[in-house]
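S.K.: One structure, pasted below without further comment.
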Ligand code: BEZ
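In the numbering used here, the protein residues as written are 206 to 416.
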């Protein structure tokens with residue numbers, strides 16, 4: 206199954222390192238970061254899961270909840286968490302789904318057989334409070350993700366959800382944003398009281414509205 210932007214994120218119930226949970230119940234009204242990794246006790250995954258744990262507070266501040274998935278068992282995840290704590294300085298502090306039956310992996314298309322036949326690749330799904338998929342990322346097993354980038358796109362998605370703006374190339378939190386071309390100059394002056402600079406009629410920059 207291919208999940209596309211705007212699709213409703215499928216719900217599931219699964220065993221995790223924090224007990225059996227329903228995905229939708231776990232998310233509640235929060236944003237969700239659902240990410241898969243290929244296998245327990247592997248080097249890249251160990252660094253990634255430690256980094257997600259270290260940055261958990263930054264996700265919480267953004268009303269976002271983390272949940273990981275792999276096709277190993279919960280028992281295996283629990284054992285591996287000790288290694289993550291030992292080598293990364295912090296253990297798992299968010300649920301990691303034990304998906305031995307590949308139920309979640311197949312539901313979200315996390316297995317890419319031409320890359321790895323037997324395990325999930327590195328996918329990321331950012332899901333809005335409306336349970337719609339807002340962003341997807343897919344990395345091969347040998348390339349670790351950049352958690353800073355995931356926080357950056359979460360910030361961009363949240364600003365876009367609250368204001369009629371887009372974010373330009375290389376945008377990071379605090380930079381100017383782009384006013385939607387659908388908004389007239391007159392309306393933009395009301396909506397963006399900090400003012401705007403029009404480089405072209407379709408390219409108008411305004412200071413980040415929520416800063
Ligand atoms: C890793 O996490 O290092 C890894 C996992 C599966 C395949 C290749 C690398």
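Just so you know, even glycine gets a beta-carbon here, dropped at the ideal spot from N, CA and C.
Please list the segments of the alpha helix (DSSP H) lying wholly inside the stretch 295-324, counting only runs of 4 or more residues, in order along the chain.
M.R.: You should have 308-312.
S.K.: In or out: residue 246 buried (at least 16 other Cβ within 10 Å) or exposed?
M.R.: Your numbering for residue 246 matches position 41 in the chain shown. Burial call: exposed.
S.K.: May I ask whether a heavy atom of the ligand BEZ can be found less than 7 Å away from the beta carbon of residue 346?
M.R.: Here residue 346 refers to the residue found at position 141 when the chain shown is read from its first residue. Residue 346: yes, Cβ under 7 Å from the ligand BEZ.
S.K.: Return the chain-ordered list of same chain residues with a C-beta closer than 8 Å to the C-beta of residue 357, the five sequence neighbours on each side being excluded.
M.R.: Position 152 of the chain shown, counted from the start, is the residue given in the question as residue 357. If we look at residue 357 and ignore the five residues flanking it on each side, its Cβ neighbours are 376, 377 and 378.
S.K.: With distances taken from CA atoms, which of 270, 213, 250 and 402 is nearest residue 234?
M.R.: As a first step, residue 234 must be located in the chain shown, where it is residue number 29. The residue with the shortest Cα to Cα distance from residue 234 is 270.
S.K.: Do you know how far the Cα of residue 401 is from the Cα of residue 256?
M.R.: Position 51 of the chain shown holds residue 256. Position 196 of the chain shown holds residue 401. Answer to the nearest angstrom: the Cα atoms are 37 Å apart.
S.K.: Rounded to a whole number of angstroms, what is the C-alpha to C-alpha distance between residue 324 and residue 222?
M.R.: As a working note, residue 324 is residue 119 in the chain shown. As a working note, residue 222 is residue 17 in the chain shown. Looking at the two C-alpha atoms, the distance is approximately 19 Å.
S.K.: Quick check on the DSSP output: what are the complete alpha helix (DSSP H) runs of length 4 or more inside the stretch 228-263, in order along the chain?
M.R.: 228-232 and 248-259, all fully within the stretch 228-263.
S.K.: Can you say whether residue 209 is buried or exposed, counting buried as having 16 or more other CB atoms within 10 angstroms of its CB?
M.R.: In the chain shown, counting from the first residue as 1, residue 209 sits at position 4. Residue 209 comes out exposed.
S.K.: Tell me which residue opens and which closes the alpha helix (DSSP H) that residue 280 is part of.
M.R.: As a first step, residue 280 is located in the chain shown; it is residue number 75 there, counting from the start. Residue 280 -> alpha helix (DSSP H) spans 279-293.
S.K.: Please give me, in chain order, every unbroken run of the beta strand (DSSP E) with length at least 3 that falls completely inside the stretch 323-387.
M.R.: DSSP runs (the beta strand (DSSP E)) wholly in the stretch 323-387: 327-332, 338-344 and 382-384.
S.K.: With the cut-off set at 8 Å, would you say residue 217 and residue 328 are in Cβ contact?
M.R.: Walking along the chain shown from the start, residue 217 turns up at place 12. Walking along the chain shown from the start, residue 328 turns up at place 123. No, these two residues do not count as a Cβ contact at 8 Å.
S.K.: Does the Cβ of residue 249 lie closer than 7 Å to at least one heavy atom of the ligand BEZ?
M.R.: Position 44 of the chain shown, counted from the start, is the residue given in the question as residue 249. Indeed, a heavy atom of the ligand BEZ lies less than 7 Å from the Cβ.
S.K.: Looking only at its chain, what residues have a beta carbon closer than 7 Å to the beta carbon of residue 416, apart from the 5 residues adjacent to it on each side?
M.R.: Here residue 416 corresponds to residue number 211 of the chain shown, with the count starting at 1. 379, listed in sequence order.
S.K.: Starting from residue 396 and walking both ways along the beta strand (DSSP E), at which residues does that stretch end?
M.R.: Numbered from its first residue, the chain shown carries residue 396 at position 191. Here residue 396 belongs to no beta strand (DSSP E); instead the alpha helix (DSSP H) covers 390-396.
S.K.: Quick check: the Cα distance between residue 293 and residue 313, rounded to an integer number of angstroms?
M.R.: As a first step, residue 293 must be located in the chain shown, where it is residue number 88. As a first step, residue 313 must be located in the chain shown, where it is residue number 108. When rounded, the distance between both Cα atoms is 28 Å.
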